[in-house]
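Engineer: Chains as they are written, first to last, in numbering that gives the first Met the number 0: chain A, 0 to 483; chain B, 0 to 94.
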Amino acid sequence: MLNQLTISELTAKLAKREVSAREATQACLDQIQRVDGQIHAFISHDAADALAQADAADKLISSGAKNRLLGVPIAVKDVLAVKGQPLNCASKILGNFISPYDATVIEKLKAAGAIVFGRLNMDEFAMGSSTENSAFGLTRNPWDTTRIPGGSSGGSAAAVAADECIASLGSDTGGSIRQPAALCGCVGLKPTYGRVSRYGLVAFASSLDQIGPFTKDVRDAATLLGVLSGVDPRDSTSVPEVVPNYSAALTGDIRGMKLGLPKEYMVGGLDAEVKASVDAAVKKFQELGAEIVEISLPHTDYAVATYYIIATAEASANLARFDGIRYCARVDGADPIELYAKTRGAGFGPEVKRRIILGTYVLSSGYHDAYYLHAQKVRTLIRNDFLKAFEKCDAIVTPTTPTAAFKAGEKSGDPLQMYLSDIFTISCNLAGISGISVPCGFTKNPKLPIGLQLLGKPFGEESLLKIAHAYEQATPWHQEKAGL
Amino acid sequence: MASAEIDVKYVAHLARLALTPDEEKQLGAQLGNILGYIEKLRELDVTNVEPTAHAVPMVNITRADEIRPSLAHEDALRNAPRQSNGLFIVPKIVE
Numbered sequence: 000m001l002n003q004l005t006i007s008e009l010t011a012k013l014a015k016r017e018v019s020a021r022e023a024t025q026a027c028l029d030q031i032q033r034v035d036g037q038i039h040a041f042i043s044h045d046a047a048d049a050l051a052q053a054d055a056a057d058k059l060i061s062s063g064a065k066n067r068l069l070g071v072p073i074a075v076k077d078v079l080a081v082k083g084q085p086l087n088c089a090s091k092i093l094g095n096f097i098s099p100y101d102a103t104v105i106e107k108l109k110a111a112g113a114i115v116f117g118r119l120n121m122d123e124f125a126m127g128s129s130t131e132n133s134a135f136g137l138t139r140n141p142w143d144t145t146r147i148p149g150g151s152s153g154g155s156a157a158a159v160a161a162d163e164c165i166a167s168l169g170s171d172t173g174g175s176i177r178q179p180a181a182l183c184g185c186v187g188l189k190p191t192y193g194r195v196s197r198y199g200l201v202a203f204a205s206s207l208d209q210i211g212p213f214t215k216d217v218r219d220a221a222t223l224l225g226v227l228s229g230v231d232p233r234d235s236t237s238v239p240e241v242v243p244n245y246s247a248a249l250t251g252d253i254r255g256m257k258l259g260l261p262k263e264y265m266v267g268g269l270d271a272e273v274k275a276s277v278d279a280a281v282k283k284f285q286e287l288g289a290e291i292v293e294i295s296l297p298h299t300d301y302a303v304a305t306y307y308i309i310a311t312a313e314a315s316a317n318l319a320r321f322d323g324i325r326y327c328a329r330v331d332g333a334d335p336i337e338l339y340a341k342t343r344g345a346g347f348g349p350e351v352k353r354r355i356i357l358g359t360y361v362l363s364s365g366y367h368d369a370y371y372l373h374a375q376k377v378r379t380l381i382r383n384d385f386l387k388a389f390e391k392c393d394a395i396v397t398p399t400t401p402t403a404a405f406k407a408g409e410k411s412g413d414p415l416q417m418y419l420s421d422i423f424t425i426s427c428n429l430a431g432i433s434g435i436s437v438p439c440g441f442t443k444n445p446k447l448p449i450g451l452q453l454l455g456k457p458f459g460e461e462s463l464l465k466i467a468h469a470y471e472q473a474t475p476w477h478q479e480k481a482g483l
Numbered sequence: 000m001a002s003a004e005i006d007v008k009y010v011a012h013l014a015r016l017a018l019t020p021d022e023e024k025q026l027g028a029q030l031g032n033i034l035g036y037i038e039k040l041r042e043l044d045v046t047n048v049e050p051t052a053h054a055v056p057m058v059n060i061t062r063a064d065e066i067r068p069s070l071a072h073e074d075a076l077r078n079a080p081r082q083s084n085g086l087f088i089v090p091k092i093v094e
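Spelled out as structure tokens, the structure:
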């Protein structure tokens, strides 16, 4: 089944002319046809356009062209601009919006030869941890369709886990790549803040957002990160740091590397099976020759509260642009203020409204210093925890999530409980460091994937990928498929 | 830190967000709960701690002041709810 291949497997077959890009793309489209009625990873996809891109790739291949992603079908979260395609952020408010330009990451994928297709479901404006906040309906976990795929990039994770594409892109503001990757059993990488340009990513929280890949193995994550990374004059927060050859870091040799185990992450609310899998992974790292050191991240317990001040404050400012003037499904009013309020009241869903109100409140006159400024100071403490920890270790090992995938509806009525499901992933964004989730086992009954999180130094993706790859090659978890 | 009471109606006005009475009531309760949780940040002494606005602090990112191609006029207007004569149409702002 061509749709089950990894990027490296598919590009090898394409280069040898064993298969065509059209056949690979058709296999993905067939899989969508077969399973997406159950999974609903895609909001929409343009099959004819995908096949036309595949034919163009086949022409290039037959003319002898070589390129890193030539002929590889890659699907995209509905938060990234792809010229000529709809962009809704899984919200009603954008109406029939069609992107007038490509995001930088999309330009890069296309320049590397990828077939860019599909709009993947997500929590509205990337706000959520279950993809239940989409205005386009739920996405289901491919391992158990009564359960959520995680979020906010639930569609991106589910599409890769269900082999509806070869790889996908998502965005991560507080765990929105790593958490769904963990819950769906694929690899999800959040690059260091500034590593990947956000031009063409609809902004949620500008000091936290990063774009990253979902893949079937670590090698593919390294390949995609190499394509996506680099400074971009159109994103002033992108950093002019050299882009290394990430694939070259995948030597399998992690002897002598130091892995930090934060004592604050192995307590309260951590599911016994998740803990057992992470403990087993730590043993595996020792067998592979890594040294385990205990570290402390003393401000861990304050991360979720800090995040929900900073992220909502930034969101309330970023989402001000959705006002019904230049775009959006407008609801008319007697004056502009009434038009704005009615358009936004009708267009935004409950979680987005909740966060806009909270964010507006913590920035409002009289509360700014008490909430927003205070949270920014706590953020410094959280970042310093990590910088101090990285003096003792090359990467940090944690569970990605406290539990495996929960049932649809289980937490949707209680926003705070939903927020607390991100407890292990949020600090990484506040600190601006890199993080990856890789499969590290399964729960017994039902069989659900468990994710292992590795956190790396700022611009430490090479070490992160090296460690993740060595672990993956020594364990069978990434080879298991959801029985669809 | 301030008390965990939000005047939802007033904040919604600041946010230019029309809410139904039911939404106001529900949001008030939920946000009270979330703010109650956030209060735990008060435990921390942050005297003499500098705030972090961005994790990778960079300042004065500039480029040459040159005219470059930008989004075409018709592309910028393509998604407008209402437009005419190459302009966005909005309700009357001044009498």
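Beta carbons are placed, not taken as given, at the ideal position from N, Cα and C, and that holds for glycine.
Tell me the rounded alpha-carbon separation between Pro448(A) and Ile88(B).
Structural biologist: Looking at the two C-alpha atoms, the distance is approximately 51 Å.
Engineer: DSSP on Gly434(A), reduced to helix/strand/coil?
Structural biologist: In the structure shown, Gly434(A) sits in a strand (DSSP, three-state: E or B).
Engineer: Can you tell me where the beta strand (DSSP E) with Gly169(A) in it begins and where it stops?
Structural biologist: Start and end: 166-171.
Engineer: By the DSSP assignment, the beta strand (DSSP E) with Val292(A) in it spans what residues?
Structural biologist: From DSSP, the beta strand (DSSP E) with Val292(A) extends over 290-294.
Engineer: Am I right that Ala49(A) and Pro72(A) are in contact with their C-beta atoms under 8 Å? What's the rounded C-beta distance?
Structural biologist: About 7 Å; that satisfies the 8 Å criterion.
Engineer: Could you tell me which residues DSSP puts in a beta bridge with Arg74(A)?
Structural biologist: Before going further, note that residue 74(A) is Ala rather than Arg in the sequence given. Its beta-bridge partners are Phe116(A), Ser167(A).
Engineer: Can you list the beta strand (DSSP E) stretches of 3 or more residues lying completely in the stretch 436-466 of chain A, in chain order?
Structural biologist: For the stretch 436-466 of chain A, whole beta strand (DSSP E) runs of length 3 or above, ordered along the chain, are 448-455.
Engineer: Write down the C-beta distance between Leu68(A) and Leu108(A) rounded to the nearest angstrom, noting that I regard them as a contact closer than 8 Å.
Structural biologist: Confirmed, about 6 Å.
Engineer: Output yes if chain B places a C-beta closer than 8 Å to the C-beta of Phe96(A); else output no.
Structural biologist: For Phe96(A), the answer is yes, since a Cβ of chain B falls inside 8 Å of its Cβ.
Engineer: Leaving aside the five residues before and after Leu224(A) along the sequence, list all residues of the same chain whose C-beta is less than 7 Å from its C-beta, in chain order.
Structural biologist: Correct list, in chain order: Leu188, Pro190, Pro212, Tyr245, Glu460.
Engineer: Quick check: is the beta carbon of Gln30(A) nearer than 8 Å to any beta carbon in chain B?
Structural biologist: By this cut-off, Gln30(A) is not an interface position.
Engineer: Can you tell me whether Asn140(A) is helix, strand or coil according to DSSP?
Structural biologist: If DSSP states are grouped into helix, strand and coil, Asn140(A) belongs with the strands.
Engineer: Using CA atoms only, rank isn't needed, just tell me which of Leu182(A), Phe203(A), Val186(A), Asp208(A) is closest to Arg194(A).
Structural biologist: It is Asp208(A) whose Cα lies nearest to the Cα of Arg194(A).
Engineer: Rounded to the nearest angstrom, what separates Asp45(A) and Leu386(A) at their Cα positions?
Structural biologist: Between Asp45(A) and Leu386(A), the C-alpha separation is close to 45 Å.
Engineer: Smallest Cα separation from Gly174(A): which of Asp162(A), Ala166(A), Ile38(A), Ala156(A)?
Structural biologist: When each option's Cα is compared against that of Gly174(A), the closest is Ala156(A).
Engineer: Does chain A have any CB closer than 8 Å to the CB of Asn78(B)?
Structural biologist: Cβ-Cβ to chain A under 8 Å: yes for Asn78(B).
Engineer: When the cut-off is 8 Å and only beta carbons count, does Leu415(A) lie next to chain B?
Structural biologist: With 8 Å as the cut-off, Leu415(A) counts as an interface residue toward chain B.
Engineer: Any contact between the stretch 413-428 of chain A and the stretch 456-474 of chain A? By contact I mean 3 or more CB pairs, one from each, below 8 Å.
Structural biologist: At 8 Å Cβ cutoff, the stretches do not touch.
Engineer: If distances are taken between C-alpha atoms only, which option among Leu16(B), Val48(B), Ile37(B), Leu43(B) comes closest to Gly323(A)?
Structural biologist: The residue with the shortest Cα to Cα distance from Gly323(A) is Leu16(B).
Engineer: If you reduce the DSSP assignment to three classes, tell me which class Leu415(A) lands in.
Structural biologist: Helix at Leu415(A).
Engineer: Can you tell me whether Leu93(A) is buried or exposed, with buried defined as 16 or more other CB within 10 angstroms of its CB?
Structural biologist: Its Cβ being crowded by 16 or more others within 10 Å, Leu93(A) is buried.
Engineer: Check Lys91(B) in the structure and name its three-state DSSP category.
Structural biologist: Of the three classes helix, strand and coil, the one that applies to Lys91(B) here is coil, per DSSP.
Engineer: List the residues of chain A whose Cβ lies closer than 8 Å to the Cβ of Ile92(B), in chain order.
Structural biologist: Those within 8 Å of Ile92(B) in chain A are Asp334, Pro335.
Engineer: Does any C-beta atom of chain B lie closer than 8 Å to the C-beta of Asp322(A)?
Structural biologist: Cβ-Cβ to chain B under 8 Å: yes for Asp322(A).
Engineer: Report the partner residues of Thr397(A) according to the DSSP bridge assignment.
Structural biologist: DSSP output for Thr397(A) lists Gln452(A) as bridge partner(s).
Engineer: From Lys65(A) to Pro261(A), what does the alpha carbon distance come to, in whole angstroms?
Structural biologist: Going by the C-alpha atoms only, they are around 44 Å apart.
Engineer: Taking the alpha helix (DSSP H) that Gly225(A) falls in, what are its first and last residues?
Structural biologist: Residues 217-227.
Engineer: Restricting to Cα atoms, I'd like to know which of Tyr301(A), Leu380(A), Gly83(A), Leu464(A) is closest to Ser433(A).
Structural biologist: Cα-wise, what sits closest to Ser433(A) is Leu464(A).
Engineer: Just the Cα atoms here: how many angstroms apart are Gln82(B) and Asp234(A)?
Structural biologist: Looking at the two C-alpha atoms, the distance is approximately 29 Å.
Engineer: Does the Cβ of Asn47(B) have 16 or more other Cβ atoms within 10 Å, making it buried, or fewer, making it exposed?
Structural biologist: Burial call: exposed.
Engineer: Using a 10 Å radius around the Cβ and a threshold of 16 neighbouring Cβ atoms, would you call His298(A) buried or exposed?
Structural biologist: By the 10 Å Cβ count, His298(A) comes out buried.
Engineer: At 8 Å on the CB atoms, spell out the chain A contacts of Ala52(B), in chain order.
Structural biologist: The contacting residues are Ser206, Gln375.
Engineer: Whose CA, out of Gly70(A), Phe135(A), Gly83(A), Thr305(A), lies closest to the CA of Ala40(A)?
Structural biologist: Among Gly70(A), Phe135(A), Gly83(A), Thr305(A), the Cα nearest to that of Ala40(A) is on Phe135(A).
Engineer: If I measure Cβ to Cβ from Val226(A) and keep anything under 7 Å in the same chain, skipping five residues before and after, which residues do I get?
Structural biologist: Around Val226(A): Arg67, Leu68, Lys107, Leu108, Ala111.
Engineer: With a threshold of 8 Å between beta carbons, is Lys39(B) in contact with chain A?
Structural biologist: Yes, Lys39(B) lies at the interface with chain A (some Cβ there is under 8 Å from its Cβ).
Engineer: Within 8 Å (strictly less), CB to CB, does Cys164(A) reach chain B?
Structural biologist: By this cut-off, Cys164(A) is not an interface position.
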